[in-house]
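**Q** Input: one structure, supplied below.
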Amino acid sequence: MALKFLNTLSRSVEEFVPLDPTSNVVKMYCCGPTVYDFGHIGNFRTFVFADLVRRYLQFRGYEVTHVMNITDVEDKIIRRVRETGLGLREYVSQFENAFLDDLKTLGCVLPHHLPRATEFIPEMIQLIDALMKRGIAYQAADGSIYFSIEKYQGCGCRYGQLVKLNFDEMRAGERVASDEYSKDALADFALWKARVPDDGDVFWASPWGEGRPGWHIECSAMSMKLLGPSFDLHLGGEDLAFPHHEDEIAQSEGATGKPFVKYWLHGAHLLVEGKKMSKSLGNFFKLRDLTGKGYGGREIRYLLISAHYRETFNFTLDGLDGARVALGRLDECLGKLQELAGATKAAPDSRLLNDFTAALDDDLNVASAWGTVFEWVRETNRLLAANQLSATQAASALAAWEQLDAVLGLGRKGEVEAPPEVQALLEERQAARKAKDFKRSDAVRDELKLKGWLIEDTAKGPRLKRA
RNA sequence: GGCGGGGUAGCCAAGUGGUAAGGCACGGCUCUGCAAAAGCUGCAUCGUCGGUUCGAUUCCGACCCUCGCCUCCA
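The opening position of the first sequence corresponds to residue 9 in the numbering used here, with each subsequent residue numbered one higher.
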């Protein structure tokens with residue numbers, strides 16, 4: 009069995025072999041957030057996807073270095089800094105912190121490095137300088153530095169590795185900003201933007217005058233600084249493939265002459281309630297909007313990783329409700345296994361692990377993996393109900409789940425000790441039941457429900473469960 | 001206009017040249033004092049029309065619908 013990914017470079021599913029096939033070291037970079045606002049659910053689909061890739065690589069025995077940039081200088085940010093009168097750092101840090109909180113809410117493992125664009129200006133300048141020296145970049149009349157695609161191609165490099173491009177057929181220019189009219193060619197892109205009055209205090213000195221970096225250059229500079237000129241994996245949302253990632257390749261390979269990234273993975277977008285998210289449709293959800301409605305990060309994460317990353321996924325509130333029930337089913341099963349296993353330890357059940365691995369090896373077919381998990385849940389429940397599971401088998405099943413969960417990142421719903429007054433009510437109900445005073449016992453059950461506790465009568469007596 | 005994804009049960013979503021995983025919802029049954037939990041069970045000819053084939057949802061062609069990218073949007 010071998011791990012395979014769909015590599016956007018070849019548009020085909022390829023076996024994953026690290027850049028250095030003799031080692032198990034994997035270096036991955038994922039384009040992170042632009043911190044001008046709180047992240048929305050679509051952003052987080054991509055970041056949870058990256059988290060899944062990282063966790064799965066680790067599960068498969070790779071030693072992963074995971075980098076995610078934080079874009080803290082950009083047009084929208086500059087505009088809001090101007091509008092709010094806050095300093096750049098001051099404005100941005102609130103959303104940066106919120107972003108990290110949101111990642112935690114979703115059970116994401118923090119990347120090893122979270123570089124901020126503004127802290128890598130010297131590296132970006134160095135990179136632009138290299139491109140200038142090689143004659144691939146030029147300074148335009150407005151003082152900005154642009155990347156020349158023509159010169160790049162003249163060096164024998166290929167522009168258009170991730171998408172098929174046909175410049176003649178493109179509807180170019182519809183969204184070109186007014187400050188970019190001085191480019192030599194329409195497809196050229198900014199590496200360094202000359203300072204303009206609207207930038208306010210947001211500018212840095214450079215050999216080409218004051219200004220700020222272009223968007224694409226930051227990812228090239230930070231990824232290569234932290235991971236080297238060539239690395240294994242680069243991920244991001246599908247919209248970034250062109251132009252962002254294409255331009256990253258051009259800048260990086262143009263500057264170093266080395267292949268930039270071996271595997272490019274792109275996550276598909278999200279629909280919400282069947283439509284593209286938009287504020288006017290009322291289906292634009294920040295993560296905070298969802299947690300504010302009472303949904304847990306766990307439920308949201310589950311829903312986000314219930315579908316294959318390359319499919320457009322329809323994210324719905326109904327789906328979240330379903331996620332809650334599905335997780336409850338899983339928790340129920342795990343709770344029963346734990347009860348049976350007690351302190352017993354055992355080696356993980358290999359069949360579950362094998363099925364799970366086979367599914368995820370196939371370009372992270374997570375939907376299929378969930379199929380095997382829930383078939384396992386049903387089989388386990390059957391055995392539990394029939395009293396055919398030993399403590400050792402239960403421990404073995406739990407051990408397997410722990411390994412799966414290192415990938416899924418859902419954890420287990422924590423068992424909460426019932427407070428004394430709840431315990432007292434439970435005993436009162438038991439007494440009433442013994443006396444066959446069912447009216448009274450049902451009343452107590454309702455009272456407990458109001459307090460957030462559910463009762464399940466089992467063969468071994470009543471069990472309290474958090475609602 | 002160019003390029004690239006999709007259309008599978010009420011909803012979400014896998015998958016395969018030989019009569020379709022899983023989750024949610026819904027109905028029936030078992031268990032239960034009643035519930036809950038759990039189990040069993042019922043519920044789809046896979047967008048349309050042709051073609052290839054002994055046989056296609058899966059391959060080919062056409063069409064319809066839908067989504068994304070086409071210069072700073074995950």
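Here a beta-carbon is modelled for each residue, glycine too, at the ideal position from N, C-alpha and C.
Rounded to whole angstroms, what is the Cα-Cα separation between leucine 360 and arginine 390?
**A** Walking along the first sequence from the start, residue 360 turns up at place 352. Walking along the first sequence from the start, residue 390 turns up at place 382. So the two alpha carbons sit approximately 16 Å from each other.
**Q** What's the C-alpha gap between arginine 62 and lysine 266?
**A** Translated into positions along the first sequence, residue 62 becomes position 54. Translated into positions along the first sequence, residue 266 becomes position 258. Looking at the two C-alpha atoms, the distance is approximately 25 Å.
**Q** In its own chain, which residues sit with a C-beta less than 8 Å from the C-beta of glutamate 218, not counting the 5 before and 5 after it?
**A** Locating residue 218 in the first sequence gives position 210, counting from the first residue. Cβ neighbours of glutamate 218 beyond the five flanking positions: Ala202, Arg203, Phe211, Trp212.
**Q** Between threonine 92 and the rest of its own chain, which residues show a CB-CB distance below 7 Å, the 5 nearest in sequence each way excluded?
**A** Walking along the first sequence from the start, residue 92 turns up at place 84. Here the set comprises Tyr99.
**Q** Here's the rule: buried if 16 or more other CB atoms are within 10 angstroms of the residue's CB, otherwise exposed. What is cysteine 38?
**A** Residue mapping note: residue 38 aligns to position 30 of the first sequence, counting from 1. So cysteine 38 counts as buried.
**Q** Between which residues of its own chain and leucine 235 is the CB-CB distance below 7 Å, once the five residues before and five after are set aside?
**A** The residue you call residue 235 lines up with position 227 of the first sequence. Taken in chain order, the residues that qualify are Lys35, Tyr37, Thr73, Val75.
**Q** Just verifying my parser: in three-state terms, what is the DSSP assignment at leucine 94?
**A** Walking along the first sequence from the start, residue 94 turns up at place 86. Residue state, collapsed to three classes: coil.
**Q** In its own chain, which residues sit with a C-beta less than 6 Å from the C-beta of arginine 471, not counting the 5 before and 5 after it?
**A** Residue mapping note: residue 471 aligns to position 463 of the first sequence, counting from 1. For arginine 471, where only same-chain residues beyond five positions count, the Cβ hits under 6 Å are Glu464.
**Q** For phenylalanine 323, which three-state DSSP category applies?
**A** By 1-based counting over the first sequence, the position of residue 323 is 315. Correct three-state label for phenylalanine 323: strand.
**Q** Of all the beta strand (DSSP E) runs that stay within the bounds of the segment 46–98, which reach a length of 3 or more residues?
**A** Counting only runs of 3 or more, we get 71–76.
**Q** From the DSSP output, in three-state form, read off proline 29 for me.
**A** As a first step, residue 29 is located in the first sequence; it is residue number 21 there, counting from the start. Three-state DSSP puts proline 29 in coil, outside helix and strand.
**Q** How far does the beta strand (DSSP E) with glutamine 147 in it extend, from its first residue to its last?
**A** By one-based count along the first sequence, residue 147 stands at place 139. 145–147 is the span of the beta strand (DSSP E), which, as asked, contains glutamine 147.
**Q** With a Cβ-Cβ cutoff of 7 Å, do glutamate 307 and leucine 325 count as a contact?
**A** If you number the first sequence from 1, residue 307 lands on position 299. If you number the first sequence from 1, residue 325 lands on position 317. Contact: no.
**Q** Rounded to a whole number of angstroms, what is the C-alpha to C-alpha distance between leucine 114 and glutamate 435?
**A** For this step, residue 114 is matched to residue 106 along the first sequence. For this step, residue 435 is matched to residue 427 along the first sequence. One C-alpha to the other measures close to 38 Å.
**Q** Relative to the C-alpha of leucine 406, which candidate in Asp209, Glu82, Gly419 has its C-alpha closest?
**A** As a position in the first sequence, residue 406 is number 398, starting the count at 1. Closest option to leucine 406, Cα to Cα, is Gly419.
**Q** For threonine 400, I'd like the list of residues in its chain whose CB is within less than 7 Å of its CB, leaving aside the five on either flank, ordered along the chain.
**A** As a working mapping, residue 400 is identified with position 392 in the first sequence. So the list reads Thr352, Ala354, once near-sequence residues are dropped.
**Q** Straight-line CA distance for proline 205 to arginine 87?
**A** Mapped onto the first sequence, residue 205 falls at position 197. Mapped onto the first sequence, residue 87 falls at position 79. C-alpha separation (whole angstroms): 12 Å.
**Q** Per DSSP, threonine 42 is paired with what?
**A** Locating residue 42 in the first sequence gives position 34, counting from the first residue. Thr79.
**Q** For asparagine 15, which residues does DSSP report across the bridge?
**A** For the purposes of this step, residue 15 is taken as residue 7 along the first sequence, with counting starting at 1. Partner(s): Ser20.
**Q** For methionine 6, which residues does DSSP report across the bridge?
**A** The shown model of the chain, from 9 to 475, leaves out residue 6, and the question about it has no answer.
**Q** Would you decide whether alanine 403 is buried or exposed? Buried here means 16 or more other CB atoms lie within 10 Å of its CB.
**A** Numbered from 1 along the first sequence, position 395 holds the residue referred to as residue 403. That one is buried.
**Q** For arginine 68, which of Asp339, Leu412, Arg474, Leu433 has the nearest alpha-carbon?
**A** The residue given as residue 68 occupies position 60 in the first sequence. When each option's Cα is compared against that of arginine 68, the closest is Leu412.
**Q** In chain order, what are the residue ranges of uninterrupted alpha helix (DSSP H) at least 4 long that sit wholly in the segment 283–309?
**A** The segment 283–309 contains these whole alpha helix (DSSP H) runs: 295–300.
**Q** Quick test of your reading: alanine 249 and glycine 222, contact by CB under 8 Å. State the CB separation rounded to the nearest angstrom.
**A** Walking along the first sequence from the start, residue 249 turns up at place 241. Walking along the first sequence from the start, residue 222 turns up at place 214. Rounded, the Cβ-Cβ distance is 18 Å, inconsistent with contact.
**Q** Mapping DSSP to helix, strand and coil, what is alanine 197?
**A** Within the first sequence, numbered from 1, the residue matching residue 197 stands at position 189. It is worth fixing the name first, because residue 197 is phenylalanine in this sequence and not alanine. Of the three classes helix, strand and coil, the one that applies to phenylalanine 197 here is strand, per DSSP.
**Q** Kindly examine the ligand SAH and report whether one of its heavy atoms sits closer than 6 Å to the Cβ of glutamate 22.
**A** The ligand SAH is not among the ligands present in this structure, which contains no ligands whatsoever.
**Q** Excluding the five sequence neighbours on either side, which residues of its own chain have a C-beta within less than 7 Å of the C-beta of arginine 332, listed in chain order?
**A** Your numbering for residue 332 matches position 324 in the first sequence. Only Glu307 meet the Cβ criterion.
**Q** Helix, strand or coil for glutamate 261 per DSSP?
**A** The residue labelled residue 261 in the question sits at position 253 within the first sequence. Reduced to three states, the DSSP call for glutamate 261 is helix.
**Q** If we ignore side chains and look at the alpha-carbon of each, how far apart do serine 358 and phenylalanine 364 end up?
**A** What you label residue 358 is simply residue 350 of the first sequence in a count that begins at 1. What you label residue 364 is simply residue 356 of the first sequence in a count that begins at 1. Those two C-alpha atoms are separated by around 10 Å.
**Q** Less than 7 Å between C-beta atoms, sequence neighbours within five positions excluded: which residues of the same chain meet that for alanine 145?
**A** Residue numbering aside, residue 145 sits at position 137 when the first sequence is read from its first letter. The residues are Ile136, Leu139, Ile153, Tyr154, Phe155, Ser156, Leu199.
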